[in-house]
Structures are given as structure tokens and as C-alpha cells.
Amino acid sequence: MTSVRFSVYRYNPERDESPYMQDYILENVPADMMILDALKKLKAEDESLSFRHSCGEGVCGSDGVNINGRNGLSCITPLAGLKQPIEIRPLPGMPVIRDLIIDMEPFYKQYRAVKPYLIVNDPEPEIEYKQSPAQRDKLDGLYECVLCACCSTACPSFWWNPDKFLGPAALLQSFRFLADSRDQATDDRLDQMEDAYKLYRCHTIMNCAQVCPKGLNPTEAIGKTRQMMLKQFL
Amino acid sequence: MGFGYFTCGDEMNQIKLAVERRRFDTLVIGAGGGGLRAALQLAQADAHVAVVSKVFPTRSHTVAAQGGINAALANVVPDNWHWHMYDTVKGSDYLGDQDAIEYMCRAASRLVVELEHYGVPFSRLDNGSIYQRPFGGQSQNFGGDQAARTCAAADRTGHAILHSLYQQNIRAKTHFFDEYFAIDLLKDESGYILGALMICIETGEPLIIEAKTTLLATGGVGQLFRTNTNAHINTGDGIAMALRAGIPVQDMEFFQFHPTGIAGKGMLITEGARGEGGYLVNKDGERFMERYAPHAKDLASRDVVSRAIATEVREGRGCGPDGDYALLKLDHLPAEVIRKRLPGICSMVQTFLHIDPVEQPIPVAPTAHYTMGGIPTNRHGQVVVPVQQGAEEPIPGLYAVGECACVSVHGANRLGGNSLLDIVVFGRAAGNHIIEFLQESRTHRPLDSDSVDNALAHLSRWDRKGGGESVDQLRNEVQMTMEKYASVFRTDDVMQEGIDKMLEIEQRLNDVCLKDHSKVFNTARIEALELENLVDLGIATVVSAQARKESRGAHSRIDFPDRDDEHWLKHSLFHKEGRQLDYKPVRMKPLSVDTFPPKPRVY
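Protein sequences appear in the order of chains A and B.
Under this note's numbering, think of the first position of the first sequence as 1, with each following residue one higher.
Under this note's numbering, think of the first position of the second sequence as 235, with each following residue one higher.
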């Protein structure tokens, strides 16, 4: 690959009445370049271009963006194979602060709402809580979430009801504690989701699982939560 | 909440700025593991604590720690804290302070269990206890057989710990200021630290947070080097803030190069890969670590393994078309071990190299990784400085923990698995000491308006308009310079060139102007402020390095190849003012056990 064309969403609230797409061309692009590398190169030319990033290797979850219509982390999305011009937009359905930076607070609020921490009511022993390898295996595919919001902002149910529907990321984290053999708040956790929106707005569209950059499957976690609720009801 | 009026601008053109003020008992700057562990201790004690972080807490670099956290739980093989202490002292090349090291190793088991109780999803052994793996520099019985001391959540231990600590802080209702960047510490004439000036990144507005105690937990400065394993945010902000506040920084010449960063790219491949049985080979397929460390082989200390790779490369036995890396072999291990214990490595290597470590070896090279030096503290996290050649005294109201601090438990070389331990042990210790301090200090001291004016002037320097070089150009140059002149092997003339180059960059930095002067989420302004911090710390590093005429731990000099305990068993202290260097003794006396006296360091 030598030259690559980009079309990047731009919006500076101090200057722009409305957002627009800006075209850029990068020359001498190496074959293994990631979207984040490209954004940094573009920023070196135009320092006003704003985006979040931190670890650069897909573990911190800062740099979720929409690339050619698909949500992903810019640092682990290669340019190779993407249709040009590569369109880079902020994650959809959330308020934009500037350029590719969205207001994540509605997303974090839903995360906090599921009490994302281990709750144990028994007195604490002086050693670790025991957990068999099989019990621990149940947390794989759940605890690795990086809170990038790629899933929730790809979910139509979350777009329509971001205040009432918890969204795939928060529900995945909720299930991470439901699935933890050490946690003792199962009934409370399930009771809390007992309304028409929080959990039941999931229509198994499965966008979440398709876009998750860590290969996690929130839809499956939501399904298992539903089974637990049914079991509790019976 | 209130507003204060402060002066800003040059003498001809002064304006009064209304700056929002908030008051807390404690201000924690940085929301990685150290800051969050301290904040938790404080919030649980009902202190009014504000955590300020330039990124949302779970983006902090603790999240990227892979292999694990050391504690002598003895879940796999016999172990005890005293052996852990011996290994840490030896690993530090005897530059670590033995009182702090004893404190850390004694506390380790209890604090790892506490993390488990916080919800950290540690991997498990068949009996249900925490999984532990062998790591570099670990031994049983003071230099005997390999120990297995590193508690792991697969190869995502930092992620697991950081998320759990953040979750516990949500539970404790800690007050977070996410995406605020700290500019400068505020202090009064008697030297008390009164809080700090921030900028809200989203609005671009300044904010003063007044606090009876301020804790710096801002991490290391890996971005000094072009190829590094660190997050882009690791620009040493807190260390540079301390330096600007007149506090010397300690042992900055000791920068760890991790033996196994992905060659040319820098992403970290955990030492756990070798702990699980991986080993290094040169272009002849030779397992060369057997020559450098006959006993520990690939699990020698990081400085030893990094030097070995660099030597193989220099002597023409490196791999690849340019002969500039070694290969890390895992392909002899059972696929299920690799996939189960190193899933993150598998996916990272797949993403960045398009290879599967189950089938192909990974190209690796020594890569800038960890800042052993930093803000001098005692084992309570209090920032301490010698007073006029006399004993050390705490700076009232100021604490530091984690990678930005220099306790010093890592001395000249940190052992793998000791950094996650450092942050929880000293995060908690600082929290406890602050709680005591707060009981005696019931009121805030009055804000010093000169100090605020200076901090605001520092911030408004970036409002200047003009042409000239860009922040990006200069940062690249800093990183190239440090990589070239302050790398694994060092010599006097090369470092002198490095100093000259860094001082020239410092001059040129004066003329750098931003083109983007907007307020809302101006990341260019943040990067400019970060660049200032990098330049200050780059200079501190090369100046301290050139002065130390010996080889110890990560600081290897070709012109002074031996350790020189007679002249150099001491910590260096670099002052920004006049680039002066001072030295202070290593605390050789542990708390309760006998001193481990310096010995030749053989693995």
C-alpha cells in the first residue's frame, strides 16, 4: 500500500455550526499500519484533529471509533483490506464532544448501575476464597471487557433507550458477577433487572457480539441472565 | 466550591482570571493501581478524597500489566517473604532500600488475598487457591531453586486488578475528576503542598483543587524512548511536577529495558511467557541464556537478559534480515498451556505480527519499560528530601506512590511481578499515613496566590501564537535522542552527546507554539504540556546517568563495566535548578531482619 484516502468526522463546537467530513490522504503507508497510527500521522499534520488513545495495543479501551460503518478499537484495526476512503466517525448514538470524542458518561452510568463489584456477605477469611478451575473458567469471556463501548453504541435498543436499557456492556458485567462463584448477591442482582427495559429491551440483534474487539459475547450473557431470572421466578 | 481571582499574563498585560476552586481532604493525582488503592483506603476511612486523572481510570497503564503480582503464598512450591526479600534486594543490585523492601515483601501475601477478596479473577490451581507462576529473579532459600511466586490472572493480571480496584472505588463512592490534567503543585512559602492546578480537558477551564494532602500516583515516563512498551499517556507528569516544585528526583539513570518487547514495535510479551517454559534463541538456534546465566537461564533478572540479547545482537548473532532481535520460542509447549495461560499474548501476536506463538517463535528485543527512579519517598509514601546535607525530612502534605515514586524497592533493577505489588502495598501505606496526618490537620492552609499565578502562567504559555517547530517534531526528537544516547549500554562520550542534544531541545521547546488554541478537548495542548514533562525528565535521566561511573542493574557502562560499591552504593538526587546532583545513602538496614550485604550478582 502506498497512498490511502480517509474521510474523518470533524466537529469543533467552538467553531463549527455542524459536523462535517474532512478528506485526508496519507502517503507511504506501511502495510501493517493500524487506524490509530494513521490518526496520529494525520494529527501530526493537523493538530486540531482530536481523538482518545492510550495503550495502543487493545487493552485500555480508550479508542473505540466507527470505521467504515463498524465499531472497533483504532489501535488494533489494520488499514489493510478496508475500502477507501476509509470513513472514521465517532461511536454512534452518543453525544459528540469534539471530532471522534464522545461523551461516555451515559455508558459509564449504566456500568455503575449494575453494581459491578464482588459482593460477599459472609465474614472474610484470612486466606483467598476458594474457587475451582472450572468455576473460574466461567469468568472467561466476561472479565476481559475493556469498557470501550463498541458494543453498546452498536446496539439499536441502546440508541433508543440509553437511559432505561442497560446495554450490552453493563449487562455483560452484571453477568460477570452473577457467574462468579464467590458472589453472594445473585438474588439482588436479578431483582434489580426486573422491569421491561433494563434487560428485556435486548432483542438479540447481536451487533454487540459482532463488533466486540475482545471477541466477547454480551448477547449470550444476557440470555444466561434471562435463564437465571426464569429459574428464580420458578 | 468557590472562585478565586488570580493574575495571569506578562507584566504589561495582566488580567485577573476567575478560577474555580474545590476543597478536599486529599487530592490523588493519577488513577492507576497506586492511586486507586490509596483512594480506596481513604474513602473507606470516610476521608473526602478527589481522584484526578487525565484519562478515565481503567485506561491507566496498570491495565496493561500482564504476568502477575508477587507474593510468597507458597501455593505451588515452598516460599516465604524473606526469600522474596532476598531476591528483591539482589535484583535491585543492592541499590534498593532494605527497610522498604522488607515492608513490601512482608505485606505481599495479605494484600494479594485482599485483592482476591475485592474480586480479582485470579487463575486457580486444582485445590481452588490462587495460581502462581515462576518469574525472573525468583529463588527459594536465598538463591536456591526457582520459586513460583507470581500470582496471575492468565496474562491479564493488571487489567483484572485495575478494574477490581476501580469497582471497589465505585462502591466506596470515591469522587472522580476524569479527564483532568494536572499542571503544577501549589505550595506556600513554608513549603507546604496545598493542592494542584488542573485543567478540565473537556472544557479547557482551569480548576484549583485545594487539599490538606496531595498524593502523586502518575506512573512512569516510558514515552521518553521511541520504542517502548508503555501507553502513550506515560509521560511522567507527576515526576516532572515534583521537579518543578523544587523537589529533586532520585535514581533517574535506572530505566528498565524489558527483554521481550515485540521487535521494532514495542508491545510487551510478558516474562510469564518464559515463566511458562518459553526460552530465547539466537540466529544459530542456540539457547544463549545458558551462557549468561547458567543457573536461572531465561529467568535471570531483566537487566541480565536484556544485556544478553543486546550482546548477541552486537556480536552478530541476532536474528532477522538486520540481525537485530532474538526469538522467543514457545512452540515446544503444549498448545493448551499457551492458550490457557497466555491468551492475551496469543491475540496480540496475532494482531500485530500475524503469527501464532503455538507454531512460530516471536521476534523480541530489549524495549524501554519501567522507570525505577522517581520522586523520593519513605515507606509511608511521604515525599522526603535531605535538608542541607542533613537527614531527610518529609515535604508537608505531599505523598507519592507507584512508578512515579522511588521508595526505593526496585533499586537499580525491578523484578518482574514487583510493580503491581509496589502499587498496592504503598498505595495502602500512603492511604494509612494520610489518614493519620488528616487527624492532626483539621483545616486547610490558606492558598498562596503567587504559587497559583505561577501555575497559571505555565498553562497560559501555550496560548502564545507563532510559527516554528511542532510539538510532534520535538517529541519524536526527544524519543530518538533518548533511545540513541541512553540505551541498554552506555558510555561517557555518547551520554555527553545525549545531554547536549537534550539541552538543545530544551532551548528549542521555548519557541514551540500551538496552532490550535481552542478550549474544548484540545488534545494538542495536553500533548504540549506532556512534552515539557518529557524534556525535563529526559535531561534528569541523561545527566544522572553520565555522572554514575559504574555499572549497576539497568545502568550498564561499557567504560565502567563493574559495580563500584565503595563509591556508588548511593542514590542520586537530581535538582532541576542548575541541574545539580546530590547523593544520599542506601538504607541498608531492614526493619527486623539482618542486612543482605552486597555480593557479586550471579544468576
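We put the CB at the ideal spot given by N, CA and C, even for glycine.
Can you name the residues that DSSP bridges to P78 (chain A)?
The residue given as residue 78 (chain A) occupies position 78 in the first sequence. BP columns for P78 (chain A) point to A:M34.
Just how far apart, CA to CA, sit P824 (chain B) and G266 (chain B)?
Position 590 of the second sequence holds residue 824 (chain B). Position 32 of the second sequence holds residue 266 (chain B). Between the alpha carbons of P824 (chain B) and G266 (chain B) lies a gap of roughly 28 angstroms.
Between B:L690, B:F290, B:M716, which has its C-alpha nearest A252 (chain B)'s C-alpha?
Counted from its first residue, the second sequence places residue 252 (chain B) at position 18. When only C-alpha atoms are compared, the closest one is B:L690.
Along the alpha helix (DSSP H) that carries R685 (chain B), what are the first and last residues, could you check?
As a working mapping, residue 685 (chain B) is identified with position 451 in the second sequence. Rather than Arg, the amino acid found at residue 685 (chain B) in this sequence is Ser. Per DSSP, S685 (chain B) is one residue of the alpha helix (DSSP H) stretching across 683 to 694.
According to DSSP, is E444 (chain B) part of a helix, a strand, or is it coil?
As a position in the second sequence, residue 444 (chain B) is number 210, starting the count at 1. In this structure, E444 (chain B) counts as strand in the three-state DSSP scheme.
8 angstroms Cβ cut-off: residues of chain B touching P13 (chain A):
Residue 13 (chain A) sits at position 13 when you count from the first residue of the first sequence. Residues of chain B whose Cβ lies closer than 8 angstroms to the Cβ of P13 (chain A) are, in chain order, V754.
If you run the structure through DSSP and keep just helix, strand and coil, what is M246 (chain B)?
Here residue 246 (chain B) corresponds to residue number 12 of the second sequence, with the count starting at 1. Bear in mind that the predicted position of M246 (chain B) carries a pLDDT of just 47, short of 50, making it unreliable; the figure below should be weighed with that in mind. In the structure shown, the three-state DSSP call for M246 (chain B) is helix.
Out of curiosity, what's the CA-to-CA distance linking P92 (chain A) and V659 (chain B)?
Translated into positions along the first sequence, residue 92 (chain A) becomes position 92. Translated into positions along the second sequence, residue 659 (chain B) becomes position 425. Whole-angstrom Cα-Cα distance: 41 angstroms.
Contacting residues, own chain, Cβ-Cβ under 7 angstroms from T829 (chain B) (five flanking each side not counted)
Here residue 829 (chain B) refers to the residue found at position 595 when the second sequence is read from its first residue. Contacts found: Q332, M822, K823.
With a cut-off of 8 angstroms, does the C-beta of Y414 (chain B) fall near any C-beta of chain A?
Taking the second sequence and counting its residues from 1, the one referred to as residue 414 (chain B) is at position 180. Not closer than 8 angstroms to any Cβ of chain A, the Cβ of Y414 (chain B) fails to qualify, so no.
Chain-order list of residues whose beta-carbon lies under 6 angstroms from that of L100 (chain A) (same chain, five-residue window excluded)
Here residue 100 (chain A) refers to the residue found at position 100 when the first sequence is read from its first residue. Cβ contact annotation for L100 (chain A) (same chain, cutoff 6 angstroms, sequence separation greater than five): F51, V65, P90, in chain order.
Report the rounded CA-to-CA distance for V262 (chain B) versus G554 (chain B), giving the unit in angstroms.
Translated into the one-based positions of the second sequence, residue 262 (chain B) becomes position 28. Translated into the one-based positions of the second sequence, residue 554 (chain B) becomes position 320. Pairing V262 (chain B) with G554 (chain B), the inter-Cα distance amounts to about 46 angstroms.
At a CB-CB cut-off below 8 angstroms, which residues of chain B make contact with M104 (chain A)?
As a first step, residue 104 (chain A) must be located in the first sequence, where it is residue number 104. At a beta-carbon threshold of 8 angstroms, the residues of chain B lying near M104 (chain A) are F290, ordered along the chain.
Report yes if the CB atom of T463 (chain B) is closer than 8 angstroms to the CB atom of G472 (chain B), and no otherwise.
Counted from its first residue, the second sequence places residue 463 (chain B) at position 229. Counted from its first residue, the second sequence places residue 472 (chain B) at position 238. No. Outside cutoff.
For S790 (chain B): DSSP bridge partner residues:
Numbered from its first residue, the second sequence carries residue 790 (chain B) at position 556. Its beta-bridge partners are B:F723.
Could you pull the DSSP bridge partners for F489 (chain B) from this structure?
The residue labelled residue 489 (chain B) in the question sits at position 255 within the second sequence. Beta-bridge pairing links F489 (chain B) to B:T605.
Measure from the C-beta of P133 (chain A) to each C-beta in chain B and report whether the shortest distance is under 8 angstroms.
On the first sequence, position 133 is the one that residue 133 (chain A) refers to. It does; some Cβ of chain B falls within 8 angstroms.
Do S174 (chain A) and R201 (chain A) have their C-beta atoms within less than 8 angstroms of each other?
On the first sequence, position 174 is the one that residue 174 (chain A) refers to. On the first sequence, position 201 is the one that residue 201 (chain A) refers to. Contact: no.
Could you name each continuous beta strand (DSSP E) segment of 3 residues or more that falls completely within the region 533 to 565 of chain B, going from the start of the chain to the end?
Every beta strand (DSSP E) stretch that sits fully inside the region 533 to 565 of chain B and reaches 3 residues is listed by chain position as 560 to 563.
Bounding residues of the beta strand (DSSP E) (the contiguous stretch that carries M432 (chain B))
By one-based count along the second sequence, residue 432 (chain B) stands at place 198. Run containing M432 (chain B): 427 to 434, per the beta strand (DSSP E) assignment.
8 angstroms Cβ cutoff met for G454 (chain B) and T605 (chain B)
Looking up residue 454 (chain B) in the second sequence gives position 220. Looking up residue 605 (chain B) in the second sequence gives position 371. Yes. Within cutoff.
With distances taken Cα to Cα, identify the nearest neighbour of V114 (chain A) among A:L199, A:L49, A:N12, A:I67.
Reading the first sequence from its first residue, position 114 is the one you call residue 114 (chain A). Nearest C-alpha to V114 (chain A): A:L199.
Would a C-beta distance cut-off of 8 angstroms place A779 (chain B) and E487 (chain B) closer than the cut-off?
Here residue 779 (chain B) corresponds to residue number 545 of the second sequence, with the count starting at 1. Here residue 487 (chain B) corresponds to residue number 253 of the second sequence, with the count starting at 1. Yes, Cβ-Cβ distance for A779 (chain B) and E487 (chain B) is below 8 angstroms.
Buried or exposed (CB count within 10 angstroms, at least 16 for buried), R136 (chain A):
As a first step, residue 136 (chain A) must be located in the first sequence, where it is residue number 136. When all chains shown are included, R136 (chain A) counts as buried.
Between the region 219 to 227 of chain A and the region 166 to 181 of chain A, do three or more beta carbon pairs fall short of 8 angstroms?
Contact holds between the region 219 to 227 of chain A and the region 166 to 181 of chain A, because three or more Cβ pairs, one in each stretch, are under 8 angstroms apart.
What residues in the region 53 to 64 of chain A bring their beta carbon closer than 8 angstroms to a beta carbon of chain B?
Answer in chain order: H53, S54, C55, G56, E57, G58, V59, C60, G61, S62.
Which chain B residues sit within Cβ distance under 7 angstroms of S50 (chain A)?
Position 50 of the first sequence holds residue 50 (chain A). Residues of chain B passing the Cβ test: F755, T757.
Taking DSSP as the reference, what is the three-state secondary structure of A298 (chain B)?
Here the question's residue 298 (chain B) lines up with position 64 in the second sequence. A298 (chain B) falls in the helix class under three-state DSSP.
Candidates B:K718, B:C747, B:N688, B:K833: closest to Q707 (chain B) by CA position
Against the second sequence, residue 707 (chain B) aligns to sequence position 473. The residue with the shortest Cα to Cα distance from Q707 (chain B) is B:C747.
Against chain B, does A44 (chain A) count as a neighbour if the rule is that its beta carbon must be under 8 angstroms from one of theirs?
The count along the first sequence starts at 1 and reaches residue 44 (chain A) at position 44. In terms of beta-carbon proximity, A44 (chain A) lines the interface with chain B, with at least one pair separated by less than 8 angstroms.
Contact criterion: CB-CB distance below 8 angstroms. Does K823 (chain B) meet it with respect to chain A?
Within the second sequence, numbered from 1, the residue matching residue 823 (chain B) stands at position 589. By this cut-off, K823 (chain B) is not an interface position.
Any idea what DSSP makes of S50 (chain A), helix, strand or coil?
Start at 1 with the first residue of the first sequence, and residue 50 (chain A) comes out as number 50. DSSP, reduced to helix, strand and coil, places S50 (chain A) outside both helices and strands of the structure shown, so it counts as coil.
Identify the contact partners of L118 (chain A) in chain B, using a Cβ-Cβ distance below 7 angstroms as the criterion.
Walking along the first sequence from the start, residue 118 (chain A) turns up at place 118. Residues of chain B passing the Cβ test: Y352, G353.
Rounded separation between E27 (chain A) and E87 (chain A) - CA only
Here residue 27 (chain A) corresponds to residue number 27 of the first sequence, with the count starting at 1. Here residue 87 (chain A) corresponds to residue number 87 of the first sequence, with the count starting at 1. Each residue's alpha carbon lies about 17 angstroms from the other.
Could you list the residues in the region 572 to 598 of chain B with a C-beta less than 7 angstroms from some C-beta on chain A, going in chain order?
Those residues of the region 572 to 598 of chain B that come within reach of chain A (Cβ to Cβ, closer than 7 angstroms) are M582, T585.
To be precise: take each residue of the region 357 to 370 of chain B, compare its Cβ to all Cβ atoms of chain A, and keep it if any distance is under 7 angstroms. Which residues remain?
Listed in sequence order: S357, R358, D360, G362, S363, I364.
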